[in-house]
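In our numbering, the protein residues as written are 25 to 308.
Glycine included, every Cβ here is placed at the ideal spot set by N, Cα and C.
Because the structure is a prediction, the values reported are computed rather than measured.
Comments concern the structure below.
Structure follows, in structure tokens:
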């Protein structure tokens with residue numbers, strides 16, 4: 025597959041009079057954007073805010089950016105916009121979702137948009153469950169092997185790093201692509217957890233019986249399976265302070281998922297250990 029950005033670059037720029045040097049724009053054998061996912065989203069906002077499909081010139085005029093046409097091409101490559109029969113650009117379903125005020129929906133859309141790019145999907149598949157090659161040389165050389173033109177490897181890497189970070193693939197490790205966790209329901213901890221726990225106590229000091237859930241399988245519970253999926257690979261570096269944060273969240277989510285016939289004082293001790301007495305810094 026030819027690089028979509030290179031394939032349409034000359035035509036789009038010449039058609040709109042924007043002078044961008046053509047030197048070094050070698051054709052690649054795999055599609056990738058020259059700007060990040062975050063940069064491309066401004067195109068979807070422009071279309072959304074105007075409430076209608078827009079031409080390329082209209083979007084460029086609305087954005088007032090020299091890189092407007094590169095952003096338009098990137099938005100198309102990320103699957104955020106589609107071309108209408110009359111040649112204008114409209115939001116795709118993914119483009120609508122990525123602007124959602126529901127963070128889970130928007131986060132899922134950012135993940136899907138990132139993997140729409142052939143270079144990014146190929147990189148994710150090639151280095152799944154292991155670290156990416158060292159930057160910049162190692163990763164850029166891998167991109168060249170995947171089909172990126174050598175003169176464009178630095179641009180490809182820079183856009184890739186920014187897009188992966190924005191899409192949540194670097195949340196746990198900057199050197200490894202890890203699919204972000206999309207919660208079906210939000211975990212409860214901190215002050216919200218304390219308020220929720222307080223409301224579960226009966227007047228006699230005991231705990232109310234838990235309500236029956238549709239499924240009792242812990243491996244189908246998002247609060248548990250989500251944390252398990254965030255565990256680093258065995259043998260990798262996992263700093264102590266990050267382990268402590270993970271354990272704190274695990275205890276909080278266990279509390280939200282399970283009941284116990286323990287007395288109030290013992291319960292408060294467990295909460296205090298989890299929330300107050302644990303230090304994020306390693307002890308001597």
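Residue i to residue j span [Cα, whole Å]
i	j	result
residue 136	residue 164	23 Å
residue 93	residue 154	35 Å
residue 76	residue 122	17 Å
residue 68	residue 120	8 Å
residue 189	residue 150	18 Å
residue 116	residue 279	40 Å
residue 271	residue 112	51 Å
residue 240	residue 130	29 Å
residue 134	residue 110	28 Å
residue 269	residue 275	10 Å
residue 147	residue 105	23 Å
residue 282	residue 180	47 Å
residue 267	residue 277	15 Å
residue 85	residue 183	24 Å
residue 3	residue 260	Since the first and last residues shown for the chain are 25 and 308, residue 3 lies out of range.
residue 126	residue 243	25 Å
residue 171	residue 273	42 Å
residue 107	residue 89	21 Å
Neighbourhood of residue i by C-beta, 7 Å cutoff - its chain only, sequence neighbours within 5 removed
i	result
residue 207	128, 246 and 250
residue 91	59
residue 262	256
Cβ-based neighbour list, residue i, same chain, cut-off 8 Å, excluding 5 preceding and 5 following
i	result
residue 199	155 and 156
residue 142	25, 54, 55 and 56
residue 83	67, 70, 71, 92, 96 and 113
residue 196	202, 254 and 256
residue 87	66, 67, 70 and 95
Close beta carbons around residue i, own chain, < 6 Å, minus the five adjacent residues each side
i	result
residue 64	95, 98, 99 and 102
residue 73	none
residue 186	60
residue 132	206
residue 248	242
residue 169	none
residue 45	Model confidence at residue 45 stands at a pLDDT of 40, short of 50, so the residue's coordinates are unreliable; what they give is reported in the following sentence. Excluding residues within five positions, none has a Cβ falling inside 6 Å.
Environment of residue i [buried if 16+ CB atoms lie within 10 Å]
i	result
residue 258	exposed
residue 57	buried
residue 124	exposed
residue 79	exposed
residue 161	exposed
residue 311	Nothing in the structure corresponds to residue 311, since the chain is present only between 25 and 308.
Among the options, the one whose alpha carbon lies nearest that of residue i
i	options	result
residue 139	265, 204 and 282	204
residue 167	186, 187, 266 and 144	144
residue 178	89, 192, 260 and 159	159
residue 62	192, 170, 85 and 169	192
residue 194	273, 171, 170 and 152	152
CB contact below 7 Å: residue i versus chain D
i	result
residue 179	Of the protein chains in the structure, only one exists, and it is not chain D.
Residue i: CB within 6 Å of a non-hydrogen atom of the ligand GTP
i	result
residue 266	With respect to small molecules bound, the structure shown includes none, and the ligand GTP cannot be examined in it.
Residue ranges of each beta strand (DSSP E) run of no fewer than 3 residues wholly in the region 49-136, ordered along the chain?
Taking only runs of at least 3 residues, the beta strand (DSSP E) segments lying wholly in the region 49-136 are 105-107 and 113-115.
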